[in-house]
Amino acid sequence: MPVKNRFAELLPDITAWRRDFHENPEILFEVHRTAGIVAQKLRAFGCDEVVEGIGRTGVVGVIKGRATGSGKVIGLRADMDALPIHEATGAPHASKVPGAMHACGHDGHTAMLLGAAQYLAETRNFDGTVVVIFQPAEEGGGGGRFMCEDGLMERWGIQEVYGMHNWPGMPVGSFAIRPGAFFAGTDQFRILVEGLGGHAAKPHETVDTTVVAAHLVTALQTIASRNHDPVKNLVVSVTSFRTESEAFNVIPQHVELRGTVRTMDPETRNMAEQRIKEIAAGIGATFGAKAEVDWRPGYPVMVNSEEQTAFAAEVAAKVAGDCADAPLVMGGEDFAYMLEERPGAYILVGNGDTAMVHHPAYDFDDNAIPAGCSWWAEIVEQRMPA
Ligand code: NI
């Protein structure tokens, strides 16, 4: 069962939609034009229900199969937002918006899921219900979380969810996946050190925040090296060290540290958070200063469910002839929130030998469309056979 013929017929349309999205990129939750086009097309395809404004600017479409007696409901998710990057592809369909571009291929993801929705609404060759999910603000805004908080899973009774991302460096239209932890949890921390500022020539009359913060930076290195199993993945990086003074002769009252934590499992993430707080409190107390941690949770670890991943790989192998084992990715992905609520799987589809995502020379390869659309359609038809 290779690529579906219908998607070869639809390819010029889907490519035109993709290039239109590419020319008109929108950032985070401000995807009003894109979401409007998505909703209008879903209605034109004859979806049974189309709802806008889920998770602020997300769109949901419902397609019922020829039969629905199985009671099964599958969610298929794409992301719609672009990045604050100035495009340098020189492509005829390059961004018309200075400082914004689809540098992560979400234009391709949206177009491919629209193509699959058109096919599924035409054929309805399944027993169950498909919910197509178009989310805003994948790039750091947590749009997926906002859609979940709006009751996405409960409102439509979604039982399983699937997601897809294009991936440069893999042959166009090929697939790769892995079960378990796949994309990293990405958290941020800020530590505010408060001491007693004063004259740099009278350190004995101060509590020197610079010295306290320097000890903190060093001690934080021991979380990855001494508290954590060395065969597992953990990054703790201090990325900013700022005092409130730029003078040569002042001991500042405050120093602020900032950093990021990258983990592949919730236990490690919780351990890192706890150790950062303990170390800050301990070092602060040692020197008579206060060191308060402001922990800012980012995207959770994205974990693929075993059963759905095996199924997704099987479908991919039928579409493309093979499905490779994907490596761990230390970047974040907010489909993680949907996978925390329901079992499911996230797969990579090859974008060929292009610039990496988030690079100004990156562009989605339209030749991946037939494979991507076929994978969506086969997930539905095989998981909920008519
Ligand atoms: Ni992306």
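For what it's worth, our numbering labels the leading residue of the sequence shown as 13, then goes sequentially.
Glycine included, every Cβ here is placed at the ideal spot set by N, Cα and C.
Residues passing the C-beta test against the ligand NI heavy atoms, cut-off 7 Å: The set, ordered by position in the chain, is D91, C116, G117, H118, E150, E151, H177, V369.
Alpha carbon of G209 to alpha carbon of L95, nearest angstrom: What you label residue 209 is simply residue 197 of the sequence shown in a count that begins at 1. What you label residue 95 is simply residue 83 of the sequence shown in a count that begins at 1. Here the alpha carbons of L95 and G209 stand approximately 41 Å from one another.
Contained beta strand (DSSP E) runs [length at least 3] in the segment 273 to 321, N- to C-terminal order: Listed in chain order, they are 302 to 308, 314 to 316.
Coil, strand or helix - E38 by DSSP: Residue 38 sits at position 26 when you count from the first residue of the sequence shown. In the three-state DSSP reduction, E38 falls in the coil class, being neither helix nor strand.
Closest residue to P191 among D346, E319, Q200 (Cα-Cα distance): Working through the sequence shown from its first residue, we reach residue 191 at position 179. Of D346, E319, Q200, the residue nearest in Cα terms is E319.
Best match in K84, D91, R167, L22 for proximity to V43 [C-alpha to C-alpha]: Stepping through the sequence shown from its first residue, residue 43 is reached at position 31. Closest by C-alpha distance to V43, out of K84, D91, R167, L22, is D91.
DSSP-derived helix/strand/coil call for F147: Taking the first residue of the sequence shown as 1, we reach residue 147 at position 135. Residue 147 is actually Gln in this sequence, not Phe. Of the three classes helix, strand and coil, the one that applies to Q147 here is strand, per DSSP.
Burial state of R78 (16 or more Cβ within 10 Å): Indexing the sequence shown from 1 puts residue 78 at position 66. Exposed is the call here.
Euclidean distance between Cα positions of A128 and G175: Walking along the sequence shown from the start, residue 128 turns up at place 116. Walking along the sequence shown from the start, residue 175 turns up at place 163. Each residue's Cα considered, the two are about 13 Å apart.
Whether P180 touches N363 by CB criterion (7 Å): As a working note, residue 180 is residue 168 in the sequence shown. As a working note, residue 363 is residue 351 in the sequence shown. Going by C-beta atoms, P180 is nearer than 7 Å to N363.
Burial state of M314 (16 or more Cβ within 10 Å): For the purposes of this step, residue 314 is taken as residue 302 along the sequence shown, with counting starting at 1. Classification for M314: buried.
Which of helix, strand or coil DSSP assigns to M113: As a working mapping, residue 113 is identified with position 101 in the sequence shown. M113 falls in the strand class under three-state DSSP.
Proximity of A259 and V273 at Cβ, strictly below 7 Å: Numbered from 1 along the sequence shown, position 247 holds the residue referred to as residue 259. Numbered from 1 along the sequence shown, position 261 holds the residue referred to as residue 273. No. Outside cutoff.
Beta-carbon proximity of V50 to V63, cut-off 7 Å: Taking the sequence shown and counting its residues from 1, the one referred to as residue 50 is at position 38. Taking the sequence shown and counting its residues from 1, the one referred to as residue 63 is at position 51. The Cβ atoms of V50 and V63 do not sit closer than 7 Å to each other.
DSSP three-state assignment for L340, whether helix, strand or coil: In the sequence shown, counting from the first residue as 1, residue 340 sits at position 328. Coil at L340, not helix or strand.
Contact under 7 Å by Cβ, A133 with F57: As a first step, residue 133 is located in the sequence shown; it is residue number 121 there, counting from the start. As a first step, residue 57 is located in the sequence shown; it is residue number 45 there, counting from the start. Yes, they are a contact pair.
Whole-angstrom distance between E304 and E166, CA atom to CA atom: Taking the sequence shown and counting its residues from 1, one reaches residue 166 at position 154. Taking the sequence shown and counting its residues from 1, one reaches residue 304 at position 292. Each residue's Cα considered, the two are about 38 Å apart.
N178 classed as buried or exposed, judged by whether at least 16 other C-beta atoms fall within 10 angstroms: By 1-based counting over the sequence shown, the position of residue 178 is 166. It counts as buried.
K76, enclosing beta strand (DSSP E) - first and last residue: For this step, residue 76 is matched to residue 64 along the sequence shown. Counting along the chain, the beta strand (DSSP E) containing K76 begins and ends at 70 to 76.
Sequence-distant residues of the same chain with beta carbon closer than 8 Å to N137, five excluded per side: On the sequence shown, position 125 is the one that residue 137 refers to. The beta carbon of N137 sits closer than 8 Å to those of G77, R78, E393, A398, all from its chain and outside the five residues before and after it, given in chain order.
As assigned by DSSP and simplified to three states, the class of V327: Position 315 of the sequence shown, counted from the first residue, corresponds to residue 327. In the structure shown, V327 sits in a helix (DSSP, three-state: H, G or I).
Cβ pair E151, G356 closer than 7 Å: Here residue 151 refers to the residue found at position 139 of the sequence shown. Here residue 356 refers to the residue found at position 344 of the sequence shown. Not in contact: E151 and G356 (Cβ atoms no closer than 7 Å).
Residue environment, P130, which counts as buried when at least 16 other CB atoms sit within 10 Å: Residue mapping note: residue 130 aligns to position 118 of the sequence shown, counting from 1. Here residue 130 is Gln; the residue named in the question, Pro, does not match the sequence. Under this definition Q130 is a buried residue.
Extent of the continuous alpha helix (DSSP H) to which T158 belongs: Taking the first residue of the sequence shown as position 1, residue 158 is located at position 146. Looking at the sequence provided, one finds Phe at residue 158 rather than Thr. Counting along the chain, the alpha helix (DSSP H) containing F158 begins and ends at 155 to 161.
Close Cβ partners of A389 (< 7 Å) along its chain, the five nearest in sequence each way excluded: Residue 389 sits at position 377 when you count from the first residue of the sequence shown. If we look at A389 and ignore the five residues flanking it on each side, its Cβ neighbours are K16, A128, Y131, L132.
Residue environment, Q233, which counts as buried when at least 16 other CB atoms sit within 10 Å: For this step, residue 233 is matched to residue 221 along the sequence shown. Counting Cβ neighbours within 10 Å, Q233 comes out exposed, since fewer than 16 surround it.
Alpha-carbon to alpha-carbon, A373 and A367: Taking the first residue of the sequence shown as position 1, residue 367 is located at position 355. Taking the first residue of the sequence shown as position 1, residue 373 is located at position 361. Cα-Cα distance, rounded: 6 Å.
Three CB pairs or more closer than 8 Å across the segment 215 to 233 and the segment 286 to 304: These segments touch.
Beta carbon of I75 nearer than 7 Å to that of I189: Within the sequence shown, residue 75 is the residue found at index 63, counting from 1. Within the sequence shown, residue 189 is the residue found at index 177, counting from 1. No, they are not a contact pair.
Neighbour-count burial assignment, R354, 16 or more Cβ in a 10 Å radius: Taking the first residue of the sequence shown as 1, we reach residue 354 at position 342. Burial of R354 is indicated by the presence of at least 16 other C-beta atoms within 10 angstroms of its C-beta.
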